[in-house]
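Undergrad:
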Amino acid sequence: MAASVTFTPTPEQALAAVRVMRPPRWGRYERLRWVVAGALLGLLFLFVIATYDWRTWSLYIIRWQELASFAFGGAAIGWVYGRIRPGVPAGDPSLRQRTVSIGEDGLTVEGRGFRTALDWAAIKAISLSDDILLFVTEWKEAHFVPRQAFPTPEAADAFADAAQDAWTTGRSGPQTGGVPT
308 MAASVTFTPT PEQALAAVRV MRPPRWGRYE RLRWVVAGAL LGLLFLFVIA
358 TYDWRTWSLY IIRWQELASF AFGGAAIGWV YGRIRPGVPA GDPSLRQRTV
408 SIGEDGLTVE GRGFRTALDW AAIKAISLSD DILLFVTEWK EAHFVPRQAF
458 PTPEAADAFA DAAQDAWTTG RSGPQTGGVP T
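So for the sequence shown, my numbering puts the first residue at 308; every next one is plus one.
1) Going by Cα to Cα distance, which pick from A310, V312, P316, Y359 is closest to L402?
2) Use the C-beta contact count for R454: other C-beta atoms within 10 angstroms, 16 or more gives buried, fewer gives exposed.
3) Leaving out the 5 sequence neighbours to the left and right, which residues in its chain are closer than 8 Å to A470 when beta-carbon positions are compared?
4) Just the C-alpha distance for G380 and L322, rounded to the nearest angstrom, thanks.
5) Between the region 360-379 and the region 411-429, can you find at least three pairs of beta-carbon atoms closer than 8 Å?
6) Excluding the 5 residues preceding and the 5 following V342 in the sequence, name in chain order all residues of the same chain whose CB lies nearer than 6 Å to its CB.
7) With W446 and G477 assumed to form a contact (beta carbons below 8 Å), what rounded beta-carbon distance in angstroms separates them?
8) Taking C-alpha atoms, which residue in F466, D360, G334 lies nearest to T313?
9) Which value, in whole angstroms, describes the spacing of the CA atoms of D468 and V327?
10) By DSSP, does R405 sit in helix, in strand, or in coil?
11) I'd like to check one pair, A378 with A424: are the Cβ atoms closer than 8 Å?
12) Please list, in chain order, all residues of the same chain as V395 whose beta carbon is under 8 Å from its beta carbon, the five residues on each side excluded.
13) Which residue from A397, V355, A429, E337 puts its Cα closest to that of R390?
14) In chain order, what residues of the same chain lie with their CB nearer than 7 Å to the CB of A456, ignoring the 5 residues before and after it?
15) Does I430 pass the burial test, meaning 16 or more other C-beta atoms within 10 Å, or should it be called exposed?
16) How would you write the range of the alpha helix (DSSP H) that A344 sits in, first residue to last?
17) Quick one, which of P331, D412, Q404 has its alpha-carbon nearest G420's?
18) May I ask which residues mark the beginning and end of the alpha helix (DSSP H) holding F379?
19) On the three-state DSSP scale, how would you describe P453?
Quick look at the structure:
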């Protein structure tokens, strides 16, 4: 039972794999999280400066204008930082053509200049989203296969089912002796 697929990932597919691996903690409110964190850090910075001024020169500098300006400045930084999306440049070596094969022993990913063989025991999870099949290892490394790499959606589902079956069989190991269960 060996199945394989050859494909060249695009930067968009690599980014989709990253999104599947690390979804936003607050979902659609992720940007709000960065804005609130930025505002709080801005206020913390203001209070550190105010404490220093109070202890050094006995100056009291906290008025609502300072509070608002530091909170707004921190929120603006959080707003901009929340917009930054990780990306993979088009010429990145990690986007070269590769062949992903599944067999009884494990998963093999190979391309020009590299070959990675993983035993099924090293793979922690196999997840299938709408457009990515993801193999996650115990040490948080992931190998992905985009659904667009297959000629039909049925071929992608068949590959995912074969991988799931081989993974389940490979992790449980062969039964030797004893009473079969």
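We treat Cβ as the ideally placed atom computed from N, Cα and C, and that holds for glycine.
Just so it is clear, the structure is predicted and the values come from calculations on it, not from any experiment.
TA: Short version:
1) The shortest Cα separation from L402 among A310, V312, P316, Y359 belongs to P316.
2) buried
3) A310, I409, L414, I433, L440, F442
4) Between G380 and L322, the C-alpha separation is close to 30 Å.
5) These segments do not touch.
6) A382, G385, W386.
7) Between G477 and W446 the Cβ distance is about 18 Å, and since that is not below 8 Å, they are no contact.
8) Nearest Cα to T313 within the set F466, D360, G334: F466.
9) 19 Å
10) strand
11) The answer is no: Cβ separation not under 8 Å.
12) Shown here for V395: same chain residues with a beta carbon closer than 8 Å to its own, the five before and five after excluded, namely P318, A321, L322, S401, L402 in chain order.
13) E337
14) Excluding its 5 nearest sequence neighbours in each direction, A456 has C-beta neighbours in its own chain below 7 Å: V312, F314, listed in chain order.
15) buried
16) 337-364
17) Here the closest residue by C-alpha is Q404.
18) Where F379 is concerned, the enclosing alpha helix (DSSP H) stretches over 371-390.
19) strand
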